[in-house]
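In the UniProt record's numbering, the protein residues as written are 1 to 181.
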């Protein structure tokens, strides 16, 4: 068992000191995930990568989750970052009262939708529809686009082979392209 997994188990068991020991161990990886999530955001985005890490970590620290292992922790962290970015985008758009729509230029999503930008809330809506249809494909897309995970990392999180990840991701991209077209 990795140090992170052991500390997650101790934290889950009520050891508050485990959270203090866990924080520096996961911070760098959370920052990498946040950079991946922010990669496609507009250049003038007001939420910085470090702030995204902090907001996500606060939410994770308060969450009542039965952490299975480090991969589970990072998968939930990726989902939390997505929620924060979607909420931030919706708040920004609401503040503008419909003007100055927020565009998230997600690197690979650009290839998928074939347009110069994709509305983050439209992408989130499409992911929610995919989740209702096929939760595994939705989670793979989420880990890939918002988490910036590699095929091997996604395979570890999802407990699937990299070739299965490739097949599922190709299908999910095609489905997303159809939904956002």
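Every residue, glycine too, gets a C-beta built ideally from N, C-alpha and C.
If you compare alpha carbons, which of 146, 137, 172 and 173 is closest to residue 158?
Taking only the C-alpha atoms, the option nearest residue 158 is 137.
Please identify the residue among 179, 178 and 154 whose C-alpha is closest to the C-alpha of residue 167.
With distances taken between Cα atoms, residue 167 lies closest to 154.
Under the assumption that residue 80 contacts residue 56 (Cβ atoms under 8 Å), give the Cβ distance between them as a whole number of angstroms.
Contact flag correct, Cβ pair sits at about 5 Å.
So for residue 36, helix, strand or coil by DSSP?
It is helical.
Kindly list the residues whose CB is nearer than 8 Å to the CB of residue 23, restricted to its own chain and excluding five residues on each side of it in sequence; keep chain order.
Result list for residue 23: 57, in chain order.
Using C-beta distances below 8 Å, list every residue in its chain close to residue 140, excluding the 5 sequence neighbours before and after it, in chain order.
The residues are 154, 158, 165, 168, 169 and 172.
DSSP three-state label for residue 159, please.
Three-state result, residue 159: coil.
Can you give me the C-alpha to C-alpha distance between residue 20 and residue 177, rounded to a whole angstrom?
About 42 Å.
Does any C-beta atom of chain B lie closer than 9 Å to the C-beta of residue 144?
Annotation note: the requested chain B is absent from the structure, which comprises a single protein chain.
Within 10 angstroms of its Cβ, does residue 14 collect 16 or more other Cβ (buried), or is it exposed?
Exposed, because fewer than 16 other Cβ atoms sit within 10 Å of the Cβ of residue 14.
Is the beta carbon of residue 33 closer than 9 Å to that of residue 77?
Contact flag set, yes.
Please state the DSSP three-state secondary structure of residue 62.
Here residue 62 sits in helix by DSSP.
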